[in-house]
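Residue numbers (UniProt numbering): 1 to 413.
In this text, a Cβ means the ideal position worked out from N, Cα and C, and glycines have one as well.
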Amino acid sequence: MNMAALIFYSSSAAAAASPSSILFKHNSSSTTGRCCSSSSPGLAIPLASNLHSAAGADHHIKKAFRPPLQVEEQVTHSMPAEKVEMFKSLEDWAEKHVLTLLKPVEKSWQPQDFLPEPSSQGFLEEVEELRKRAMEIPDAYYVCLVGDMITEEALPTYQTMLNSFDGVRDETGASLSSWAIWTRAWTAEENRHGDLLRHYLYLSGRVHMRQIEKTIQYLIGCGMYIKTENCPYRGFIYTSFQERATFISHSNTARHAKQHGDMKLAQICGTIAADEKRHEAAYTRIVEKLFQIDPDGAVIAFADMMKKKIVMPAHLMFDGRDGRLFHHFSAVAQRLGIYTAKDYADIMEFFVGKWKVEGLVGLSGEGKKAQEFLCSLAPRFRKLEKRAEERAKQQALPTMVRFSWIFDREVQL
């Protein structure tokens, strides 16, 4: 799910962040008793490069497999028991309306469909042709494509996250519940994305595969922190947003590949984008159902996630060198138009309309506040982003950053 990887913060916020001192701040309570509270914990954008423990005396001791920022107390299991039962009661609905969006394995594409066949006599010639096409593509594009691939390759983290949601997790590893079947089958479909992009990049000869592989290991080891509190309301809102963002990102990498003359790469990215669109439809459908049966809970959860901001799944990305790697990758994607602040605002606006937020009635006081917040959010975000763009234009010189993924060549942010 790539999630095309971009964290997303607004460029104005990203520009203001200090790489050495900004930390997450969270509600110290492990449970809130409400899945759908509209209050959100304080948040500062994480960009610190040192790996810190979050515990007392070890606060300043570097430890392996910690993210390049500090994650403090985390809210967990905030959904009440009665709502867990509600998700269990939706098993039959999910079977009819969610599992039907999966494709049978025998009718699914596989990575090898798009790559040179190693058993054929023309294999070396096909690889040489692929490498010739790859030489015509600029470094900045490869930064975006590599970032997308790394995000896809952290799939174990995403399956783990889905299985942390109360009421829908796979309790046995082979559960026959509709929710568990969806999670496993979704993971299986997504697994092809990273495989395909990784093989293409390996054959291209344009990227530093060992540095990329290190980044993947760091990312999986660090995990992700998306502030869903084990709550499927929040979790499925997150995945709806994320899949749409991924669709946009892969669609734009396909468009750029076509512009650079690599029709095969354009086909690869476009095929992955089509999968993401189908997955978006599934998650969007789940949240749509939640708005039908529990509009108050759904709108409060939606507002809570928007207040926290949707951080993309690779926001803890690290290559062993650059503590602001994800910020730099996101900036390149913004400049190239792969995934932008405008896209973020468009997605917010799309879901406010798709889930008919403005027309909700019978809400609690908290629900009405959430509704008002959501309906005014996209326009306010666009104004802030426009100001940030104007400030960026006034910058005298472009910022250049070296990326280890492309042998430390410089790319403009």
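For Glu-410, which beta-bridge partners are listed by DSSP? Here residue 410 refers to the residue found at position 410 of the sequence shown. Arg-402.
Buried or exposed by the 16-neighbour rule on C-beta atoms within 10 Å, applied to Gln-395: Start at 1 with the first residue of the sequence shown, and residue 395 comes out as number 395. That one is exposed.
Taking the straight line between their C-alpha atoms, what separation do you get for Leu-384 and Glu-372? Within the sequence shown, the letter at position 384 stands for residue 384. Within the sequence shown, the letter at position 372 stands for residue 372. Each residue's alpha carbon lies about 18 Å from the other.
Please report the Cβ distance between Leu-374 and Val-299, rounded to the nearest whole angstrom; I am assuming they are in contact, meaning their Cβ atoms lie under 8 Å. Your numbering for residue 374 matches position 374 in the sequence shown. Your numbering for residue 299 matches position 299 in the sequence shown. Leu-374 to Val-299, Cβ: 7 Å. Contact.
So, for Tyr-238: in the same chain, excluding its five sequence neighbours on each side, which residues have a beta-carbon less than 8 Å away from its beta-carbon? Counting from one through the sequence shown, the residue named residue 238 turns up at place 238. Result list for Tyr-238: Ile-226, Thr-228, Met-305, Ile-310, in chain order.
Determine the direct distance from the alpha carbon of Gly-297 to that of Gly-362, and round the result to whole angstroms. Here the question's residue 362 lines up with position 362 in the sequence shown. Here the question's residue 297 lines up with position 297 in the sequence shown. About 12 Å.
Can you tell me which of the three DSSP states Asn-50 falls into? As a first step, residue 50 must be located in the sequence shown, where it is residue number 50. Below a pLDDT of 50, predicted positions are generally treated as unreliable, and Asn-50, at 30, falls in that range; no measurement from the model is reported.
When the Cα of Pro-232 is compared with those of Glu-85, Pro-111, Arg-192, His-199, which residue comes out closest? For the purposes of this step, residue 232 is identified with residue 232 of the sequence shown, where counting begins at 1. The shortest C-alpha separation from Pro-232 is found at Glu-85.
Test item: CB-CB of Ser-249 and Thr-284 under 8 Å: To locate residue 249, count along the sequence shown from 1; it is residue 249. To locate residue 284, count along the sequence shown from 1; it is residue 284. Contact flag unset, no.
Could you say which of Ala-370, Asp-322, Thr-271 lies nearest to Lys-307 if we only look at CA atoms? Mapped onto the sequence shown, residue 307 falls at position 307. For the residues Ala-370, Asp-322, Thr-271, the minimum Cα distance to Lys-307 belongs to Ala-370.
Contact under 8 Å by Cβ, residue 432 with Thr-215: Absent from the structure is residue 432, since the part of the chain shown begins at 1 and ends at 413.
Simplified DSSP state of residue 417, which is helix, strand or coil: Residue 417 is absent from the model: the chain starts at 1 and stops at 413.
What residue from Leu-336, Phe-329, His-193 has the CA that sits closest to Gly-270's CA? Here residue 270 is taken as the residue at index 270 of the sequence shown, counted from 1. Out of Leu-336, Phe-329, His-193, His-193 has the C-alpha closest to the C-alpha of Gly-270.
Cα separation between Ala-55 and Cys-222? As a position in the sequence shown, residue 55 is number 55, starting the count at 1. As a position in the sequence shown, residue 222 is number 222, starting the count at 1. Confidence is the limiting factor: at Ala-55 the pLDDT is only 37, short of 50, which leaves the residue's position unreliable and the question unanswerable from this model.
From Val-352, Arg-380, Gly-261, residue whose alpha carbon lies closest to that of Glu-136: For the purposes of this step, residue 136 is taken as the residue at position 136 of the sequence shown. When each option's Cα is compared against that of Glu-136, the closest is Gly-261.
Please state the DSSP three-state secondary structure of Gln-395. The residue labelled residue 395 in the question sits at position 395 within the sequence shown. Three-state result, Gln-395: coil.
To the nearest angstrom, how far is it from the Cα of Ile-220 to the Cα of Ala-154? One-based indexing of the sequence shown puts residue 220 at position 220. One-based indexing of the sequence shown puts residue 154 at position 154. Using only the alpha carbons, I get a separation of about 5 Å.
To the nearest whole angstrom, what separates the beta carbons of Tyr-336 and His-256, a pair I think is in contact under 8 Å? Position 336 of the sequence shown, counting from 1, holds the residue named residue 336. Position 256 of the sequence shown, counting from 1, holds the residue named residue 256. Looking at the sequence provided, one finds Leu at residue 336 rather than Tyr. Yes, they are in contact, since the Cβ atoms of Leu-336 and His-256 sit about 7 Å apart, within 8 Å.
Which full runs of the alpha helix (DSSP H) of 4+ residues lie inside the segment 267-328, going along the chain? 295-308
Taking the alpha helix (DSSP H) that Leu-201 falls in, what are its first and last residues? Indexing the sequence shown from 1 puts residue 201 at position 201. Looking at the DSSP string, the run of the alpha helix (DSSP H) that includes Leu-201 is 178-204.
Would you mind giving the Cβ-Cβ distance between Val-401 and Ala-140, rounded to the nearest angstrom? I have them listed as a contact below 8 Å. Residue numbering aside, residue 401 sits at position 401 when the sequence shown is read from its first letter. Residue numbering aside, residue 140 sits at position 140 when the sequence shown is read from its first letter. Between Ala-140 and Val-401 the Cβ distance is about 11 Å, and since that is not below 8 Å, they are no contact.
May I ask you to report which of helix, strand or coil DSSP gives Tyr-339? Here residue 339 corresponds to residue number 339 of the sequence shown, with the count starting at 1. If DSSP states are grouped into helix, strand and coil, Tyr-339 belongs with coil.
Asn-252 lies in the alpha helix (DSSP H); which residues open and close that run? In the sequence shown, counting from the first residue as 1, residue 252 sits at position 252. Taken as a continuous stretch (DSSP letters only), the alpha helix (DSSP H) holding Asn-252 covers 232-259.
Distance, Cα to Cα, Arg-324 vs Lys-258? Sequence index remark: in the sequence shown, residue 324 carries index 324 (1-based). Sequence index remark: in the sequence shown, residue 258 carries index 258 (1-based). Near 30 Å, if we compare the C-alpha coordinates of Lys-258 and Arg-324.
Can you tell me where the alpha helix (DSSP H) with Ala-81 in it begins and where it stops? Stepping through the sequence shown from its first residue, residue 81 is reached at position 81. Looking at the DSSP string, the run of the alpha helix (DSSP H) that includes Ala-81 is 81-89.
Since Phe-247 and Glu-288 are thought to touch, with beta carbons under 8 Å apart, how far apart are those beta carbons, to the nearest angstrom? As a working mapping, residue 247 is identified with position 247 in the sequence shown. As a working mapping, residue 288 is identified with position 288 in the sequence shown. 17 Å between Cβ atoms; not a contact.
Counting contacts by CB-CB distance shorter than 8 Å, is Met-161 in contact with chain D? No chain D is part of this structure, which consists of one protein chain only.
What residue does the alpha helix (DSSP H) around Asp-148 start on, and which one ends it? Locating residue 148 in the sequence shown gives position 148, counting from the first residue. 139-153 is the extent of the alpha helix (DSSP H) around Asp-148.
Count the other CB atoms, across all protein chains shown, that sit within 10 Å of the CB of Lys-83; report buried if there are 16 or more and exposed otherwise. For the purposes of this step, residue 83 is taken as the residue at position 83 of the sequence shown. The residue in question, Lys-83, is buried, as its Cβ has 16 or more Cβ neighbours within 10 Å.
Let me know the secondary structure DSSP gives Thr-157 once reduced to three states. In the sequence shown, residue 157 corresponds to position 157, counting from 1. Note: Thr-157 maps to helix in three-state DSSP.
Less than 8 Å separating the beta-carbons of Ile-181 and Leu-99? For the purposes of this step, residue 181 is taken as the residue at position 181 of the sequence shown. For the purposes of this step, residue 99 is taken as the residue at position 99 of the sequence shown. Going by C-beta atoms, Ile-181 is nearer than 8 Å to Leu-99.
Could you tell me which of Asp-346, Glu-95, Asn-252, Arg-198 sits nearest to Trp-405, measuring between CA atoms? One-based indexing of the sequence shown puts residue 405 at position 405. Nearest option by C-alpha distance: Arg-198.
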